[in-house]
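Chains as they are written, first to last, in our numbering: chain Y, 95 to 266; chain P, 118 to 497; chain A, 17 to 170. Everything on this sheet refers to the single structure shown next.
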Amino acid sequence: MEIVIRELLNGNVIFWIFCLITIGGAAYVLFSKNVLYASYGLLVSFLGVAGIFVFAGGEFVSAAQIMIYIGGILVLLIFGIMLSSNKKAGKNYLKIENVDMPLSLGYAVGLSLIIILLIVKTKFDTANLKPLQHIKNLGYDLMTDSVLVLEIVGVLLLMALIGATFIAKNDE
Amino acid sequence: MEFILLIKGLIILTIFALSLGIAAYETYFERVIAAYIQDRVGPDRAGPFGILQPLADAGKLFFKEDFIPTLADKGLFIIGPGIAMLTALMSSAVIPFGDTLLIKGQYIPVQGMDVNIGILWVFGIVSLGVYGILIGGWASNNKYSLYGAIRAASQNISYELAMGITLLSVIVVTGSLSIRTIVGLQHGIDWNIFYQPVGFLIFVTCSLAECNRTPFDLPESENELVAGYHTEYGSMKLGLYLFSEYVNMFISSAIIASLFLGAYNYPGMDFVHSFLTGKLGESFGHNLATVLGILVYILKIFFFIFVFMWVRWTLPRFKYDQLMNMAWKWMMPLSIVNLIIVAAAELSPYPLLFNYIGLAIFAFLYFGSRTVYNNKKSKL
Amino acid sequence: MVSQFGFVLLFMIAGIFLVLLVLGIARILRPSRPNPEKNAIYESGEETEGTAHVSFNLRFYIVALIFILFDVELVLLFPWASVFGDKALFDDTKGVWAIYAGIEMFIFVFVLALGLVYAWKKGHLDWIKPSQEETNFKSPVPKELYKDINEKYA
C-alpha cells in the first residue's frame, strides 16, 4: 500500500496512465471505421501528449500543444470532415475506406522509422536542463540565438496563409 | 507535507463549491436584474424574495424526462454537455482567490494551484471549450443544432486571437504568466486597467463573445435557430449546458478582475494589514486581512457579472457578418496596435504617461487619416 | 512542479466525477417513457426532412484556416512577452536589449499584420450577405426613407 502511494506521489503511475491515454487514442484513430470518431480519438491522444509534456518539464510546450493542436488544427479537421459530406455518399460519408493499403502502410512505417532514428541519434543535453523559468529561457533563446529561425517562421507562416487560403478559395 | 495537502484539498473543494454556488445564484441574479431592467417583479415565489429559485430550477431539471432522438449519435450526445461542463470548471483551478493564509507559521496561498503558466492554462481551456458545443450540436442530428455549433466554434476561435494578443500586452507589463504574480504586481491601486484601458475593453468584449453571451449569442439565437446547439437537449443534459455558461461567466469575470483590476488588491490594503496585525496579532490579523481581500475580489467579480447581464438587456444581437467583421477587422488590428503601444511605453521611464500619449497619437492618426480620406472621397 | 499539476489532475478527476454524479442522479430520478413522436428530431413541428449533416459554407473552414496560422504566431509571441520587460537585462545592456527585442518583435508582428491585410484585401474575412431583390409592391412609404436608414446603419 505504501509503495503504491509513494509511486503515485512520484508521478510514475500517472506518467504511465498518460502514455496509455496517448497510445489508446492513437490506436483508436487507427482502427476506427468512422472519420469523426477517429478525430475525437486524436483529441484524446493530443491531450495525453500534453500531459507527457508536463512531466518532461515543458509546461509551455504543453499549453502550446493544447492551443495549437487541439484548439486549432483539430477544429479545422472536424470542420473539414463536416464540410465534406455530400448527397452521393449519403449516410456513409463518415466511413473510412483504406485505399492502397500497402502504399500507405509503407509510408507510415517509413516515417515512423525516420522519427525513431532521429530520437535515437539525437544527444539530449540533460545536464544543462533548466526546468524552472522554462518560458523565460525560451524567450531569451528566441531573441538571441534563434532569432533568424523566428523571423523565417514568421515569413513561412505568411506564405502558408496565402497558399492555404488561395487553395481553399479556388475550391469554392 | 500532509498538512499542506489537506489544506490544498480543502481549498479545491471550496473552489468547486464556490464556482458552482455562484453559478447557481447567477441564474437568480440574471432574472432579478432582467426584472429590474424591464420594470417587473421577477422571481418571488420560491422562498423570501425568490431566493430558493435556483434550487427549484435544479429540481425541475432533475425530474424532467430526457429522451435521446433516434437519429442522434447516442454516445456523443451524452458526452457533449459533460465536456462543456468539465471545461467550464477546469479553469477555476488557477484563479487566485486571495493572498496567503498564515496557519501554524506557514503561509498558504488561497489558490487551487499556482503554476507558472497559469494564464496560458486558462487560455488553453478556453480553446477546449469549443468542443462541448461542437460535439453536442453535431450529435443531435438537427439542422438548427449543427448551425449553432458551427457558429459557436467559428466565433470562439475568431475572438480567441484578439483575446490572446491583449493577454500578451498584460504579460509584457508583468513579465510573468503566473496569475498570482500578475496580481501581486498590481499592489494597492496600481491596476492594469489604468495602464491599458483599450486592452481592458477588448478583453471584456472578447470574454462576452467567448461565453456566447448577448450581443454575441448567435449560437443560440432563438429567432433563427430555435434554441441553437441545445435544441434537442432536455433534462439535466440541458442543465449542464446552461450551467456551464454561467460557470464560464463567473470564471471570465474572475479572470478580468485579476488581470486588469488587481483581484484582491484594493487601495489602503497595506494600512489595513498593518492595523489588523498590530491589533489582533500576527496570525489572526494577517488572516483577517486576507479574508477582506477575498471579499473585495468577490465584489469585483460580481460587478463584472452584473456588467455581463446589463449588456444582455441593453444591446441587441449582432448579425453574423457584423460579428466576424468586428473580430477580424476591429478587434485584431486594435489589439495589435495596443500591444505595440504598451510595449513601447514599457521601455519609457513613465509607462502610464507614455501609454496615453501613444493612444492619443494613434487616435489622432486614425481619425485624421479617416477625415482626410473622407474629404478626398467627397471631392471626387 | 508536478505536484502543482497534480492538483490539476485532481481537479479534472473531481470534475468528471461531478458530471457523472449529476447525470447519474438525474437518470435515477426522471421518468422514461419514450415514443416515436418524442424521439423525432425537432424541425419546427414539421416532419423531419433528410439528415442534418449537410455541408455548410466553406467560409467557416477558411476562417479556421486563418486562425491556426495566427494561433501559431500568438504562441511564439508568449515567450517574447515574458522576457521583453526584463528590468535587470535592460539595465545591464543600457537599454540595447529592449530596443533589439522590440525591433525583432516588431518585424514579426508586422509579418503577422501583413497576413491579416492580405486576408482582408482578398475578401476572406467578408461574410456573404444575401442579395436584395426589388419587388413590385407599391408602398406608401417613399423608398428614399428606407435608403437613408440602410445607408445610416450599413
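Using N, Cα and C, we set each Cβ at its ideal position, and we do this for glycine too.
query, result
"Where Y248 (chain P) and K127 (chain Y) are concerned, what is the direct C-alpha to C-alpha distance, given to the nearest angstrom?", "21 Å"
"DSSP state of L105 (chain A), grouped into three classes?", "helix"
"Under 7 Å Cβ to Cβ from S400 (chain P), same chain only, skipping five residues before and after it: list those, please.", "L219"
"Using a Cβ cut-off of 8 Å, pull out every chain Y residue sitting near V232 (chain P), in sequence order please.", "E153"
"May I ask you to list, following chain order, the residues of the region 51-69 of chain A that have a beta carbon less than 8 Å from some beta carbon of chain P?", "P52, K54, N55, A56, I57, Y58, E59, S60, T64, T67, A68, H69"
"Which whole-angstrom value describes the C-beta separation of M443 (chain P) and F146 (chain P), a residue pair presumed to lie in contact below a C-beta threshold of 8 Å?", "Incorrect: roughly 27 Å between the Cβ atoms, too far for contact."
"What are the residues of the region 161-173 of chain Y that lie near chain A, defined by any Cβ-Cβ distance shorter than 8 Å?", "M161, I162, G165, G166, I167, V169, L170, F173"
"Going by C-alpha distance, which of P:I474, P:A460, P:A477 is nearest I119 (chain A)?", "P:A460"
"Going by DSSP, what residue range makes up the alpha helix (DSSP H) through L168 (chain Y)?", "168-177"
"Given 8 Å as the limit, is there contact between the region 128-136 of chain P and the region 105-112 of chain A, that is, 3 or more CB pairs closer than that?", "no"
"Quick check: what's the CA-CA separation for A163 (chain P) versus V149 (chain P)?", "13 Å"
"Could you confirm whether any beta carbon from chain Y is found closer than 8 Å to the beta carbon of I274 (chain P)?", "yes"
"When you check each C-beta in the region 435-469 of chain P against every C-beta of chain A, which residues fall closer than 8 Å?", "Y437, D438, M441, N442, W445, K446, M449, P450, I453, L456, I457, A460, A461, E463, L464"
"If you compare alpha carbons, which of Y:I175, Y:F140, Y:K217 is closest to A158 (chain Y)?", "Y:F140"
"Would you mind stating whether V227 (chain P) and F240 (chain P) have Cβ atoms separated by less than 8 Å?", "no"
"So, is K496 (chain P) buried or exposed, given that buried needs 16 or more other C-beta atoms within 10 angstroms?", "exposed"
"Could you have a look at V227 (chain P) and say whether DSSP puts it in helix, strand or coil?", "strand"
"Could you pull out every residue in the same chain whose Cβ sits closer than 6 Å to the Cβ of I160 (chain Y), ignoring the five residues on either side in sequence?", "A144"
"Let me check understanding here. Comparing Cα to Cα, which of P:I411, P:E362, P:N340 lies closest to S375 (chain P)?", "P:I411"
"Just by C-beta distance, which residues in the region 287-300 of chain P are closer than 7 Å to chain Y?", "L294"
"Please list, in chain order, all residues of the same chain as A406 (chain P) whose beta carbon is under 8 Å from its beta carbon, the five residues on each side excluded.", "D216, M386, V389, H390, L393, T394"
"Residues of the region 80-108 of chain A in Cβ contact with chain Y at a cutoff of 9 Å, in chain order, please.", "A80, L81, I82, F83, I84, L85, F86, D87, V88, E89, L90, V91, L92, F94, P95, W96, A97, S98, V99, F100, D102, L105"
"Compare the C-beta of S244 (chain P) with all C-beta atoms of chain Y and state if any pair is closer than 8 Å.", "yes"
"Could you give the first and the last residue of the continuous alpha helix (DSSP H) run that contains I123 (chain A)?", "112-137"
"Any beta-carbon of chain A closer than 8 Å to the one on L172 (chain P)?", "no"
"What are the uninterrupted segments assigned as alpha helix (DSSP H) that are 4 or more residues long and contained completely in the region 143-231 of chain P, given in chain order?", "170-180, 191-207"
"According to DSSP, is K54 (chain A) helix, strand or coil?", "coil"
"Let me check understanding here. Comparing Cα to Cα, which of P:K181, P:G199, P:N233, P:P165 lies closest to G151 (chain Y)?", "P:N233"
"If I measure Cβ to Cβ from Y383 (chain P) and keep anything under 6 Å in the same chain, skipping five residues before and after, which residues do I get?", "V413"
"Residues bridged to N128 (chain Y) by DSSP?", "Y:K189"
"With respect to the alpha helix (DSSP H) encompassing C323 (chain P), which residues constitute its N-terminal and C-terminal limits?", "314-327"
"Just to confirm my understanding: we take E199 (chain P), look at its own chain, exclude 5 residues before and 5 after, and list those with CB closer than 6 Å. What are they?", "Correcting the residue identity first, residue 199 (chain P) is Gly in this sequence and not Glu. Same-chain partners within the cutoff: there are none."
"Ignore the nearest five residues each way along the sequence and tell me which others in I368 (chain P)'s own chain have a CB closer than 6 Å to its CB.", "S208, S209"
"Suppose you measure from the CA of I154 (chain P) to the CA of F317 (chain P); what does that come to, to the nearest Å?", "26 Å"
"Span of the alpha helix (DSSP H) holding L376 (chain P)?", "352-377"
"Using a Cβ-Cβ cut-off of less than 9 Å, give me the residues of the region 135-167 of chain P that come near chain A, in sequence order.", "L137"
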